[in-house]
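Data block below; observations after.
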Amino acid sequence: MKRSSSISLLISVMIISGYDLCAKDSTTYGKTPAEYMPYGRFFEPYRRFFLEPLEYTGYGRNIPEPENITSVKIGFIGPIIRTISETTGGITNDIPLKVNQRTMRWDGYRASHEGALGIKMLQGAMLAIEKANSAGGYREKIPYHLVVKNDNGEWRSSGKAVVDLAYKDMVWAIVGTIDGANSHIAIRVALKIEIPIMNTADTDPTFVETNIPWVIRGITDDRQMCYLLADFAFKKMKLKKVAAFRVNNRYGRMSIDEFRDAATRLGFPFIAELNYEDGDIDYTSQLERIKNLDADGVITYGNARESALILNQMREMGMDQWFLGSDRMVTQEFLDIVGDTPGNIVAGYPYDPTRDDPVFDQFRNDFRERFGEYPETYASHGYDGVSMVIKAIEKAGLNRALIRDELVAMTSYHGVTGIKEYDTVFSDRSPAYLAILEDGKFEFYSFEEMLKIKHPSDG
Amino acid sequence: MKFINMGTFIMVVLIGSLFSIGRSQENQSSNVKLAGDPYVYTEWESFTVESTHGALINDHIFCLEGDENQLWIGTEGGLVLYEDGKWKSWTEENGLPWRVISGITKSPKTGDLWLAMLGYGIARFSAGRFDHFDQMNSGLLNDVVYGVATEGDNVWAATTAGISCFNTVTGLWDIYDEKNAPMEEVWSYNVDARDGKVYVAVWGGGILEWDVATRIWKDYVDPDREMEIDLYRDDGLIHIITTSASYIDHVLWASTYFGLSRYDGRNWRGYMEIDSGLPSDFINLAVGRSGTSCYVSTDKGLAVLVDYDTDTWVTYKRDSESDEIWTAHVMVGNNTIMTIPTNLTLPNHFVICSEFTGNDLWIGTGHGLARGSGRGYWDGLQKTQVK
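Protein chains in written order, with our numbering: chain A, 1 to 459; chain B, 1 to 387.
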């Protein structure tokens, strides 16, 4: 979709739109619109956090560079092994783990339900490494090497992975991971060890709200996507009775949080918030409840498959409300499952994959040539993340603290996912997009373009 | 590493001693006055790998455990004992299961030393032998262990996937995570046990309190439930990103990356850089010395709340990157009353931990260890002798 970048047009749209646009000054964290501020209508908080850039005040910058290295290693943590069988080399059943009083099920490897996403992220990372090496490697002398660790989900192995990458593999920075809990675990270890982590896939708003100065997030998060979804749902589409139906895990719980708060602060709190287990296929009982509540919108947060199955069952039950969701449902898998007439569907999205951008076009072609398919969001953001790390290493040299300094100094970066802006906690605050399903494909709208979408009540 | 010369050293000690018998009025704020004199550690010894000729085997100090005579030091490169001026160390070469020691506790009942090892479980060091417990051979919930504490026959381990408790007599493990404890998140970071209570700092989950007698958990979280603000100063825990808990005299001290909280069982008090002697809100560890005094390790120095009632602090830090010595700032609230030079020369004031051996104070930093002499130490405030 073509867009105008005219500032004057944008200002005109803002003036005539009648919408409350965000108070985006230096006293505002996360580009939070005034109306979505916590307690904003009632009280000025005693203290606001995250308004100043995080500092690292340790000794790390004084550590000398090593000599005689044969490769420059970058760590990668992601859910790339899908099943227990692959991980354990053939054992297909849950493994009973005896801890005296009770037997635990070794169910952690289950969590590679995100394997499809992790593999894409890995492909993007690999392509960035290969591109850097084709240009001569580190300072045109030493090849880069990606050290890959599997993220075994609920087994919470990401912390151990960071330990091994930092102390045994001696990587200079780490990229990963996707799952919110495992990403949190990884950054806590990284803080202790003092090694930079670039995350390109965890959109949980709280991920960067921990004051850890070693974390950079290279993807627009659910805070931005939820604000835009809320603007669209409540201001543009004038919905009033939205029900939430989300996956019962940390992703579903945390990522929908800002939409829930925005809805409440606009005066339209959820009329229900129900959940399902990952892997469920029958959602009838929950949807019956929502149907009986006469919701005019349903928002879901979960993976593409479950989101699509929920939508199909809604439509089969005669529920034709707006269906809102997360970026994880903006996939071909979702489109394949929902078929030709899925009704009104909108999702948040962290970038515009349809824009005209030679940088992105080149990447798409390179990726297709390397992997035989076009890149999706996890591959694209993974590529950008590793590319930023390499750029930082080239400038800083082989010192983790200095690499961290160079990464956080990149307050703007033109990657394949667009021109990214980073805030005081080193999180990508580039504008989110709306992905609206139109004629069997997702079309992408910026905030300004969303304002111009015609609503039925507009006449 | 640079050390100040002997002349400067004598001068610093002299100034510190003078402060013990009286204080200068010259720097005092016109509006805020000291209610009495706090003890100020002015006489320090600094230790690094270089200055000890390798006896301190690693400069990155993660944890300290001390009593009257011994100091156990957990480093990024192994375990170290400092006793009677002598050093002894253990690495993987002489049996230590993993070199990165993130927590230490000594059982008062058995004398055994328990070690938390970052990424490799826990170990018992007893009679010269290390016994290794990890998530594959025990009830340890995760190999990433940040802290350990002993309580009776039990050893508590704060892991990144929850809390494990090992009964050293029965050999049984209890495990606590989101399934059987009030944990919004399970990422446990620090544990302290005393007087029938166990407190766990859960990173992202606030503070958990375990009552040993009733075996019931209770949780303390940030009442405003928002990450980006603190709504009221004293409404409860400042933030749910907690890093340590210290329980003494029936008072809980809880540190976060957003400030310090104190809870006496009835009232909360919050402390931040803007309203206290804290040089930074980023707190690695808080150690209560009493119900009215707490030692706070921050990324910009050590803050000591000397006297809760009068809000009197002494904060030790390097005032600028070019300063060779640390300066003690005597403060009431966030008003500096006076500054006193010390002879502490560690090159970086990223303080990770603190501990006591008798009256002496130890701090572990990102690059080195130091001991402040507690000769003539007094608790709280002494009556001002010079008016």
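Every residue, glycine too, gets a C-beta built ideally from N, C-alpha and C.
Please tell me whether residue i has its Cβ less than 8 Å away from any Cβ of chain A.
i	result
B:K218	no
B:C362	The displayed chain sequence assigns Trp, not Cys, to residue 362 of chain B. Output row for B:W362: interface = no.
B:F47	no
B:V176	It is worth fixing the name first, because residue 176 of chain B is Tyr in this sequence and not Val. Not closer than 8 Å to any Cβ of chain A, the Cβ of B:Y176 fails to qualify, so no.
B:G372	no
B:A193	no
B:G95	no
B:R289	no
B:A123	no
B:V169	no
B:P347	yes
B:F133	no
B:F130	no
B:E233	Correcting the residue identity first, residue 233 of chain B is Arg in this sequence and not Glu. Chain A, which has a Cβ nearer than 8 Å to the Cβ of B:R233, makes this yes.
B:M227	yes
When we look at the beta-carbon of residue i and count the other beta-carbons within 10 Å, is it buried (16 or more) or exposed?
i	result
B:D307	buried
A:D340	exposed
B:S322	exposed
A:Q332	exposed
B:T214	exposed
A:G318	exposed
A:F42	exposed
A:N152	buried
A:S6	Bear in mind that the predicted position of A:S6 carries a pLDDT of just 37, short of 50, making it too unreliable to give a figure here.
B:I207	buried
A:P64	exposed
A:H414	exposed
A:L402	buried
A:K160	buried
A:G89	Confidence at A:G89 is low in this model, with a pLDDT of 44, below 50, so its placement is unreliable and the value that follows should be read with caution. A:G89 comes out exposed.
A:Y39	exposed
A:Q321	buried
Examine chain B for any beta-carbon lying closer than 8 Å to the beta-carbon of residue i, and answer yes or no.
i	result
A:G343	no
A:A111	Here the model assigns A:A111 a pLDDT of 40, short of 50, so the residue's position is not dependable and the matter cannot be decided.
A:N211	yes
A:P375	no
A:R47	yes
A:T206	yes
A:D164	yes
A:T57	yes
Which stretch, first to last residue, makes up the beta strand (DSSP E) that contains residue i?
i	result
A:L324	322–325
B:S255	251–256
A:T284	Note, A:T284: premise wrong, no beta strand (DSSP E); alpha helix (DSSP H) at 284–292.
A:I77	72–78
A:I453	Note, A:I453: premise wrong, no beta strand (DSSP E); not H, not E.
A:A243	242–247
A:L146	144–150
B:K300	No beta strand (DSSP E) holds B:K300; DSSP gives it neither H nor E.
With DSSP as the reference, please indicate the residues paired to residue i in a beta bridge.
i	result
A:M198	A:V175, A:I216
A:D428	A:Y422
B:D219	B:L208
A:A435	A:A347, A:F444
B:K197	B:R194, B:D211
B:G270	B:S261
The alpha helix (DSSP H) that contains residue i, what's its start and end?
i	result
B:T168	Per DSSP, B:T168 belongs to no alpha helix (DSSP H) and is neither H nor E.
A:G382	377–396
A:G252	250–255
A:L527	There is simply no residue 527 of chain A to check, as chain A begins at 1 and stops at 459 in what is shown.
A:Y227	222–230
A:D361	358–371
A:F334	332–338
A:A161	158–163
B:S290	No alpha helix (DSSP H) holds B:S290; the beta strand (DSSP E) holding it covers 283–290.
A:A128	115–134
A:E306	304–316
- prompt: In chain order, which continuous runs of the beta strand (DSSP E) of length 3 or greater are located wholly inside the stretch 66–154 of chain B?
  reply: Complete beta strand (DSSP E) runs here, min 3: 70–75, 78–83, 86–90, 101–106, 113–117, 122–126, 129–133, 145–151.
- request: Scan the stretch 327–369 of chain B and note each continuous beta strand (DSSP E) run of 3 residues or more that stays entirely inside, going in chain order.
  value: Listed in chain order, the complete beta strand (DSSP E) runs (minimum 3 residues) inside the stretch 327–369 of chain B are 327–332, 335–341, 351–357, 360–365.
message: Under 7 Å, CB to CB, which of the residues in the stretch 172–193 of chain A have a partner in chain C?
response: In the structure shown, chain C does not exist; the protein chains are A and B.
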